[in-house]
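In what follows, a single structure is set out as structure tokens and then discussed.
Residue numbers (the working numbering), protein chains in the order written: chain A, 19 to 279; chain B, 283 to 619; chain C, 6 to 293.
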């Protein structure tokens with residue numbers, strides 16, 4: 019039995035009168051692709067925000083590699099290798115795409131690791147930025163990496179979010195709905211990217227609404243409902259569970275979704 | 283009824299398009315096109331002391347430069363870091379008092395007190411503003427507006443550093459000439475230094491923090507540290523201006539914390555063009571002399587520049603600099619549609 | 006006992022100053038830095054109408070309140086509406102307007118100590134061994150009535166509910182057919198009238214001096230920040246905290262520190278709990 023890379027213990031969060039999360043615990047093991055699904059308002063983004071330090075949980079503990087990271091500031095957590103993307107993409111809109119990657123390359127972690135492919139030594143930041151962009155799907159010899167992000171289409175922005183995480187050479191990437199807002203063909207090209215990251219040994223936590231693609235890449239799935247954990251298991255187990263069907267899919271559309279998956 | 287409709291077309295001048303790249307170095311004409319505005323600014327600033335008549339107006343030049351440094355620091359903080367500080371007077375007052383204290387209590391000559399005031403004052407201001415750095419927008423603006431008032435009241439209440447009378451009998455610069463060239467050089471150094479700095483990759487981090495601080499945090503960068511650095515740069519500039527002011531007037535007092543020093547640089551920035559860095563200087567070159575001309579009218583000059591400020595915010599929020607730039611780089615014509 | 010009585014009086018006058026500011030910010034999200042100027046203008050208009058034109062005191066007060074309300078609406082309709090939503094421009098523009106008004110008044114000759122308004126009722130009363138004049142009592146009563154009236158107004162009238170709806174979510178209010186610009190203009194008018202009411206109640210206790218315009222602005226900001234920007238009930242309670250704190254410092258430390266307390270309150274509140282003591286804490290949002 020390997021040690022979990024990320025362990026969440028009885029995480030609770032209360033916003034005023036709203037209980038956004040209630041005693042959620044789960045483990046993430048190295049190399050996992052864990053999917054977290056649940057209806058709107060079930061606390062998925064709250065989990066991301068709590069793990070990455072953007073909000074302080076009301077109670078509960080979060081361990082990363084055995085170290086307690088609960089309540090640490092976001093930049094410290096990112097420095098340890100836990101990175102995240104944002105559901106609402108917020109690139110630095112006044113900068114060109116490759117400069118967007120130069121910013122994370124200034125972080126202490128990038129300096130230590132040298133970026134995604136760097137071997138502990140950080141070279142020219144702009145070159146590294148363009149290399150990473152190319153690997154993630156920006157055409158190198160086009161003008162796209164040099165365009166202002168405010169003019170780029172969503173597909174590129176989602177990739178840019180991922181690239182920003184990769185610039186830190188992360189151990190975990192927590193993806194907050196990377197597939198949402200993308201067209202079918204764009205998703206189809208994202209899936210192999212996720213699989214490649216998994217092959218490289220990066221642990222991925224995905225929060226998703228697009229179940230078909232999620233079930234393709236995820237090896238474990240957790241279902242949240244009203245801030246509580248409903249079930250956790252392999253995709254097929256989750257799909258078979260009656261509670262999930264009623265809570266999440268709604269009773270009559272189950273068959274339709276199942277055939278997709 | 284038919285109405286003839288027309289719209290204004292703006293087209294880049296040929297020379298602007300041609301001189302955008304490296305090729306500009308190949309022709310004197312294009313080289314001149316690129317460097318002339320900078321050259322005029324630098325030469326004009328350096329020639330100013332010779333151009334104006336009389337002691338009084340030479341003194342005004344120094345004041346213009348002091349306000350320009352302050353306006354520059356405001357512009358840098360507001361438009362490149364995203365921290366809108368209404369506390370220019372806080373920087374001026376802190377710098378002024380530190381220079382005054384160093385000079386009158388320890389009799390350190392002006393050429394040491396000014397840099398010392400910049401460094402100590404910058405550190406002091408940064409330390410006091412450190413807890414406010416997570417604040418944004420209105421909240422940061424209000425808290426910085428309150429700091430100078432707070433400092434003034436503290437000095438008044440504890441009756442320290444000369445109390446309401448202030449510190450008197452401070453040394454002046456050894457000659458008026460030296461004084462003017464010192465502040466003029468400072469303005470030019472800060473202007474071009476900051477312009478260069480904000481476009482370097484490290485300077486872009488500030489822009490990134492302004493665009494989206496969450497993403498910067500998620501990239502493992504300690505934004506408080508960078509914000510503190512920016513505040514230190516800006517407040518050191520302001521404190522240096524304050525130190526100069528103390529030595530020019532040979533006096534430092536509570537009125538250095540007056541709201542004048544907060545509002546005039548902002549007015550100059552808005553008028554000159556916010557976010558351009560040169561704009562604040564141009565704004566000061568216009569506003570301060572005009573306000574000196576109106577000195578006879580007493581408080582009416584505050585009414586005057588407050589109304590100019592409102593007017594510019596409402597109708598010309600891009601400022602003179604943007605306007606001039608457009609005229610220089612593009613020609614406009616009316617076309618019928 | 007002295008502390009209790011004077012503390013309460015001070016608190017009520019602070020609350021009166023702050024209510025207008027809190028109301029305008031709460032509804033239209035415009036930090037009205039011209040608040041102090043509106044306050045002083047009302048005093049001068051009343052003075053002019055009463056002494057120069059010889060109108061009855063009560064009528065001149067009513068007239069000057071109307072003038073103030075109209076002035077506030079004009080300020081919104083012609084100036085602030087253009088910078089609405091741009092926080093910093095709002096602050097700078099409204100502050101510049103206030104500055105222009107105050108300094109114009111100063112230039113126009115309203116200086117010195119000779120501008121006073123008569124009190125509503127002469128005489129005083131012993132309250133637990135402390136002499137309190139009737140005017141201060143009237144001020145307290147009106148202050149409390151005003152707060153109660155405002156509460157009833159915003160909870161039980163159509164207009165009040167519309168204003169409240171806009172305060173909570175402007176876009177939703179727009180979709181429900183509430184004209185947000187009209188409402189913000191009305192709010193600005195109301196706020197100006199509240200500033201005027203504060204002025205007519207507080208100014209008779211002293212002289213009308215231009216400088217106090219700045220102090221009123223600072224005090225009202227202090228009250229609103231401590232109470233939480235946008236929540237005027239919070240402002241009312243915060244007024245009591247600051248009011249008592251001020252009287253306590255005056256009694257035990259010295260009158261010089263009265264303003265220091267207010268400024269310290271602003272700075273500390275913003276540092277420790279930016280949403281104010283009674284405001285709603287919003288995580289992951291603009292303010293923190």
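Glycine included, every Cβ here is placed at the ideal spot set by N, Cα and C.
Counting only runs of 4 or more residues that sit fully inside the segment 286–331 of chain B, the alpha helix (DSSP H) segments are 296–300, in chain order. Here DSSP, grouped into helix, strand and coil, assigns residue 73 (chain C) to helix. Contact annotation for residue 406 (chain B) against chain C: no contact, minimum CB-CB distance about 15 angstroms [criterion: below 8 angstroms]. Beta bridge pairing from DSSP links residue 469 (chain B) with no other residue. Note that the segment 21–32 of chain C touches the segment 189–208 of chain C; at least 3 beta-carbon pairs, one per stretch, sit closer than 8 angstroms. Residue 572 (chain B): member of the alpha helix (DSSP H) spanning 560–575, first to last residue. Sixteen is the threshold: since fewer than 16 other Cβ atoms of the shown chains lie within 10 Å of the Cβ of residue 153 (chain C), the residue is exposed.
Between residue 366 (chain B) and residue 147 (chain C), the C-beta spacing is not below 7 angstroms. Residue-level contact check: residue 111 (chain C) touches chain B, since one or more beta carbons of chain B fall below 7 angstroms from its beta carbon. Below the 8 angstroms Cβ cutoff, chain C contributes 265 as neighbours of residue 436 (chain B), in chain order.
By the beta-carbon neighbour count (other beta carbons within 10 angstroms, threshold 16), residue 467 (chain B) is exposed. The shortest CA-to-CA distance from residue 529 (chain B) to any of B:396, B:568, B:566 is the one to B:396. Residue 96 (chain A) reaches chain B at 499, 500, 501, 502, 503, counting residues in chain order whose Cβ is nearer than 9 angstroms.
In the displayed model, residue 499 (chain B) falls within a helix according to three-state DSSP.
Annotation for residue 143 (chain A): the continuous alpha helix (DSSP H) segment containing it runs 143–153. For the C-beta of residue 79 (chain C), not a single chain B residue is nearer than 8 angstroms; the gap to the nearest is close to 13 angstroms. Looking from the CA of residue 179 (chain A), the closest CA among A:106, A:260, A:20, A:157 belongs to A:106.
Under the three-pair Cβ rule at 8 angstroms, the segment 64–84 of chain C does not count as touching the segment 255–262 of chain C. Look at residue 65 (chain C) here: in three-state DSSP terms it is helix. Interface with chain B (7 angstroms Cβ-Cβ cutoff): residue 139 (chain A) is excluded.
Residue 530 (chain B) carries a helical assignment under DSSP once its states are collapsed to helix, strand and coil. In the displayed model, residue 224 (chain A) falls within a strand according to three-state DSSP. With respect to the 7 angstroms criterion, residue 73 (chain C) and residue 201 (chain C) are classified as neighbours on the basis of their beta carbons. Under the DSSP definition of a beta bridge, residue 81 (chain A) partners with A:25, A:86. Using a CB distance below 7 angstroms, no part of the segment 544–577 of chain B faces chain A.
Three or more pairs of CB atoms, one per stretch, sit closer than 8 angstroms, so the segment 218–230 of chain C contacts the segment 16–30 of chain C. Of the other Cβ atoms in all chains shown, fewer than 16 fall within 10 Å of the Cβ of residue 160 (chain C); this residue is therefore exposed. By the criterion of a C-beta distance shorter than 8 angstroms, residue 331 (chain B) is surrounded in its chain by 340, 343, 459, 462, 463, 466, once the five residues flanking it on both sides are discounted. The C-alpha of residue 556 (chain B) lies about 11 angstroms from the C-alpha of residue 594 (chain B). Of all C-beta pairs linking the segment 153–172 of chain A to the segment 70–80 of chain A, fewer than three are shorter than 8 angstroms, placing the two stretches out of contact.
By the CB criterion at 7 angstroms, residue 53 (chain A) and residue 232 (chain A) fall inside the cutoff.
In the DSSP assignment, residue 617 (chain B) falls within the beta strand (DSSP E) that extends over 612–618.
Rounded to whole angstroms, the gap between the alpha carbons of residue 140 (chain A) and residue 515 (chain B) is 27 angstroms. Rounded to the nearest whole angstrom, the CA to CA distance from residue 150 (chain A) to residue 38 (chain A) is 36 angstroms. The contact set of residue 414 (chain B) on chain C, defined by CB atoms closer than 7 angstroms, consists of 275, 276 in chain order. DSSP lists A:53, A:251 as the beta-bridge partner residues of residue 239 (chain A).
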